[in-house]
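Engineer:
In my numbering, the protein residues as written are 136 to 755.
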């Protein structure tokens, strides 16, 4: 009987297979190790094949275009290229489709920030990749069972909105409307949050706050209106985004109190608040003046409890680095500062920026969300960008591995900072934000979710990343990195045997031993932005941390032409090195290309070899 069942399955299985789509004009090939492009090209019939580009240089993978498709089909070409002695592997260039979870909310198709298909003249995929992230989770609970809460500090919120009411945080210890502090937390009738204007639990209905709340966590896949970044993360409604600083501080203080009570009661009271949203501030205020010290102190206190604060910057094309702003110009490391991007991945012309003060961009232009009319509305501003980030923080706690969840429980302040790094490491880099924001990119929920989901358990040997990473340019074409080595694992256990992997623009540079805490890169071509990543790696088992990233643009004229060996002089070794590059015996780096391409034609040829010989013979 078992053999018959097996045979039946084997019979049916081939019938279920579908032929994958592929580009009929393209073949992918991988060359054998140490086989160069020029050698391989010499074996190809130019009437049939054209080497279009290198796809993965390190693995010798190339994209080959059929010069005349009428001569042969792509599958026939694959078979022919597999017979080439220089080819290790050949295959079709198959079509790849994203795996994504799409909610049934009727207005979701208009939410370009979550899934941009080009609607409204936008650029496809200029979004936060929400459906791809929802394929990981749509939950509002951590793997340790904590119900995730995001505190929305704003003008209030329409608590009866049909797309919000199921996601409101509820204080189960409080009896509504009896004017008694039933749970003894110091706040009377705080059923869904707190009104810092009147110091009571009666949350006013406010269009702006309702819109912000919907971006964070409108109920997803409920057949109503829109979807938030989160489908089930709870919203704590706190009114207090205007008036005076004292009102704002009271509002933040409520969120802080609920989190501390939650931790001290082991989840019996309070709320597992992981983020606050701040779509307000003091335009052009100098946070470093000492006149706004309580703002920084509050954000740091929230952070030490494990709460990251997403903060909107000014709705003005201003440089916060020089012009100032509160809170986005403040120094607390627990702030995540946000500017506004459009459906075409440009920075909104009416949004501020700052290479050292504004962390990242997020969609904030013509954003559709819930509104106090009981339906929806589209609004624009950094106020709309920031709740995408606050919502992302909540989402990452839902997507996090058991290990990260435990790490966060044990070390909430450290884990909150690591989560901030994960947010910045996951961005989609944009030319419009490079050089004017810390990360140079726009929020990508999916990328960051993959990072936090992949963090190993707390009792494993995953180290923390380096801290206090900084960069200096002491002279032209020279970059110096400094940092502080980690001292413990993600689970809190001490470490000693590790090294730091230095990566530049996704290319490995060198391993630096623990205790060194500095790295110098010389002879970098000038006026080009470089991204350096430092990854802590344990010697015992090669476990790695999330990368610590810093970006820098060195000044100077560029690299030393002819110095292919990068030793600061031109000798017989340099043309020999260029010959190795040409023949494919060595893989050249970007810097080596810069020094070796003496004739500036973008490729390394025998002419570069001859010109370097000429330079060598004629130098003084």
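Cβ coordinates follow ideal geometry from the N, Cα and C atoms, glycine included.
1. Taking the C-alpha atoms as reference points, what is the distance between residue 400 and residue 320?
2. Please state whether DSSP places residue 553 in a helix, a strand or coil.
3. Taking the alpha-carbon positions, what's the residue 175 to residue 156 distance?
4. Which residue or residues does DSSP assign as beta-bridge partners of residue 197?
5. Closest to residue 190 by CA distance: which of 183, 200 and 397 is it?
6. Inspect the CB distances between the stretch 571-583 and the stretch 653-661 and report whether three or more fall short of 8 Å.
7. Cβ atoms of residue 490 and residue 470: under 7 Å apart, would you say?
8. Can you check which of these residues, 514, 172 and 160, is closest to residue 721 by C-alpha distance?
9. Would you mind giving the Cβ-Cβ distance between residue 309 and residue 511, rounded to the nearest angstrom? I have them listed as a contact below 8 Å.
10. Relative to the alpha-carbon of residue 326, which residue among 389, 297 and 676 has its alpha-carbon at the smallest distance?
11. I need the DSSP call for residue 223, collapsed to helix, strand or coil.
12. Output the boundary residues of the alpha helix (DSSP H) element that contains residue 267.
13. On the DSSP bridge assignment, give the partners of residue 329 in chain order.
14. May I have a chain-ordered list of the beta strand (DSSP E) segments no shorter than 3 residues that lie completely inside the stretch 486-523?
15. To the nearest angstrom, how far is the alpha carbon of residue 283 from that of residue 409?
16. Where does residue 727 fall in DSSP's three states?
17. DSSP on residue 652, reduced to helix/strand/coil?
18. Keeping to the same chain, check which residues put their C-beta closer than 7 Å to that of residue 743; ignore five residues upstream and five downstream.
19. What are the uninterrupted segments assigned as beta strand (DSSP E) that are 3 or more residues long and contained completely in the stretch 621-705, given in chain order?
20. Hey, is the stretch 349-361 in contact with the stretch 378-392, meaning 3+ C-beta pairs nearer than 8 Å?
21. Give me whichever residues DSSP pairs with residue 482 in a beta bridge.
22. Helix, strand or coil, according to DSSP, for residue 750 in the structure here?
23. Between the C-alpha atoms of residue 595 and residue 356, what's the straight-line distance to the nearest angstrom?
24. Please work out which residues of its chain come closer than 8 Å, Cβ to Cβ, to residue 466, disregarding the five sequence neighbours upstream and downstream, and give them in chain order.
25. Between the C-alpha atoms of residue 453 and residue 499, what's the straight-line distance to the nearest angstrom?
26. Can you check whether the CB of residue 362 is closer than 7 Å to the CB of residue 353?
27. Pull up the distance between the alpha-carbon of residue 746 and that of residue 193, whole angstroms please.
28. Kindly indicate the opening and closing residues of the beta strand (DSSP E) around residue 429.
29. May I ask you to report which of helix, strand or coil DSSP gives residue 442?
30. With C-beta atoms as the reference, is residue 497 less than 7 Å away from residue 520?
31. Below 8 Å on the Cβ atoms is my contact criterion, and I expect residue 367 with residue 302 to pass it. Report the Cβ-Cβ distance as a whole number of Å.
32. For the alpha helix (DSSP H) containing residue 210, list its first residue and its last residue.
33. With 16 as the cutoff for other CB atoms within 10 Å, does residue 369 come out buried or exposed?
34. Quick check on the DSSP output: the beta strand (DSSP E) that includes residue 412 runs from which residue to which?
35. Can you list, in chain order, the residues of its chain with a C-beta nearer than 6 Å to that of residue 76? Leave out the 5 residues immediately preceding and following it.
36. Return the first residue and the last residue of the alpha helix (DSSP H) that residue 457 is part of.
Structural biologist: Let me lay it out:
1. Residue 400 sits at position 265 when you count from the first residue of the chain shown. Residue 320 sits at position 185 when you count from the first residue of the chain shown. Between residue 400 and residue 320, the C-alpha separation is close to 12 Å.
2. Position 418 of the chain shown, counted from the start, is the residue given in the question as residue 553. Helix, per DSSP.
3. By 1-based counting over the chain shown, the position of residue 175 is 40. By 1-based counting over the chain shown, the position of residue 156 is 21. Going from the Cα of residue 175 to the Cα of residue 156 covers about 27 Å.
4. Here residue 197 is taken as the residue at index 62 of the chain shown, counted from 1. Paired residue(s): 164 and 189.
5. Against the chain shown, residue 190 aligns to sequence position 55. Checked all of 183, 200 and 397; the closest Cα to residue 190 is 200.
6. no
7. For the purposes of this step, residue 470 is taken as the residue at position 335 of the chain shown. For the purposes of this step, residue 490 is taken as the residue at position 355 of the chain shown. Result no, Cβ atoms of residue 470 and residue 490 do not sit closer than 7 Å.
8. Sequence index remark: in the chain shown, residue 721 carries index 586 (1-based). Measuring from the Cα of residue 721, the nearest candidate turns out to be 172.
9. Reading the chain shown from its first residue, position 174 is the one you call residue 309. Reading the chain shown from its first residue, position 376 is the one you call residue 511. With a Cβ gap of about 30 Å, residue 309 and residue 511 do not count as contacting.
10. Locating residue 326 in the chain shown gives position 191, counting from the first residue. Comparing Cα-Cα distances from residue 326 to each of 389, 297 and 676, the minimum goes to 389.
11. Numbered from 1 along the chain shown, position 88 holds the residue referred to as residue 223. Looking at residue 223 - three-state DSSP - the assignment turns out to be strand.
12. Sequence index remark: in the chain shown, residue 267 carries index 132 (1-based). From DSSP, the alpha helix (DSSP H) with residue 267 extends over 265-269.
13. By one-based count along the chain shown, residue 329 stands at place 194. The partner list for residue 329 (beta bridge, DSSP) reads 373.
14. 495-498, 502-505 and 511-514
15. Translated into the one-based positions of the chain shown, residue 283 becomes position 148. Translated into the one-based positions of the chain shown, residue 409 becomes position 274. C-alpha separation (whole angstroms): 7 Å.
16. The residue given as residue 727 occupies position 592 in the chain shown. Note: residue 727 maps to helix in three-state DSSP.
17. Locating residue 652 in the chain shown gives position 517, where the first residue counts as 1. Here residue 652 sits in coil by DSSP.
18. Position 608 of the chain shown, counted from the first residue, corresponds to residue 743. Counting only Cβ-Cβ distances below 7 Å, and skipping sequence neighbours, we find 713, 731, 732, 733 and 734.
19. 633-639, 642-648, 653-656, 665-673 and 683-687
20. no
21. Within the chain shown, residue 482 is the residue found at index 347, counting from 1. Per DSSP, 476.
22. Your numbering for residue 750 matches position 615 in the chain shown. It is helical.
23. By one-based count along the chain shown, residue 595 stands at place 460. By one-based count along the chain shown, residue 356 stands at place 221. With a pLDDT of 48 at residue 595, under the threshold of 50, the modelled position of that residue is not reliable, and the figure given next carries that caveat. Between residue 595 and residue 356, the C-alpha separation is close to 36 Å.
24. For the purposes of this step, residue 466 is identified with residue 331 of the chain shown, where counting begins at 1. Contacts found: 422, 423 and 431.
25. The sequence position of residue 453 within the chain shown is 318, counting from 1. The sequence position of residue 499 within the chain shown is 364, counting from 1. Between residue 453 and residue 499, the C-alpha separation is close to 17 Å.
26. Locating residue 353 in the chain shown gives position 218, where the first residue counts as 1. Locating residue 362 in the chain shown gives position 227, where the first residue counts as 1. It is a contact, given that the beta carbons lie within the stated cut-off.
27. The residue you call residue 746 lines up with position 611 of the chain shown. The residue you call residue 193 lines up with position 58 of the chain shown. Taking the straight line from one Cα to the other gives about 27 Å.
28. For the purposes of this step, residue 429 is taken as residue 294 along the chain shown, with counting starting at 1. Looking at the DSSP string, residue 429 is not in any beta strand (DSSP E); the run it does join, the alpha helix (DSSP H), is 428-439.
29. Reading the chain shown from its first residue, position 307 is the one you call residue 442. Here residue 442 sits in coil by DSSP.
30. Within the chain shown, residue 497 is the residue found at index 362, counting from 1. Within the chain shown, residue 520 is the residue found at index 385, counting from 1. Against a cut-off of 7 Å, the Cβ pair of residue 520 and residue 497 comes out as a contact.
31. Walking along the chain shown from the start, residue 367 turns up at place 232. Walking along the chain shown from the start, residue 302 turns up at place 167. About 7 Å; that satisfies the 8 Å criterion.
32. Locating residue 210 in the chain shown gives position 75, counting from the first residue. Segment 209-217, the alpha helix (DSSP H) holding residue 210.
33. Numbered from its first residue, the chain shown carries residue 369 at position 234. By the neighbour-count rule (16 or more Cβ atoms within 10 Å), residue 369 is buried.
34. For the purposes of this step, residue 412 is taken as the residue at position 277 of the chain shown. Here the beta strand (DSSP E) through residue 412 covers 407-413.
35. Residue 76 lies beyond the residue range present for the chain, which begins at 136 and ends at 755; the question has no answer from this structure.
36. Looking up residue 457 in the chain shown gives position 322. Unbroken alpha helix (DSSP H) run through residue 457: 455-458.
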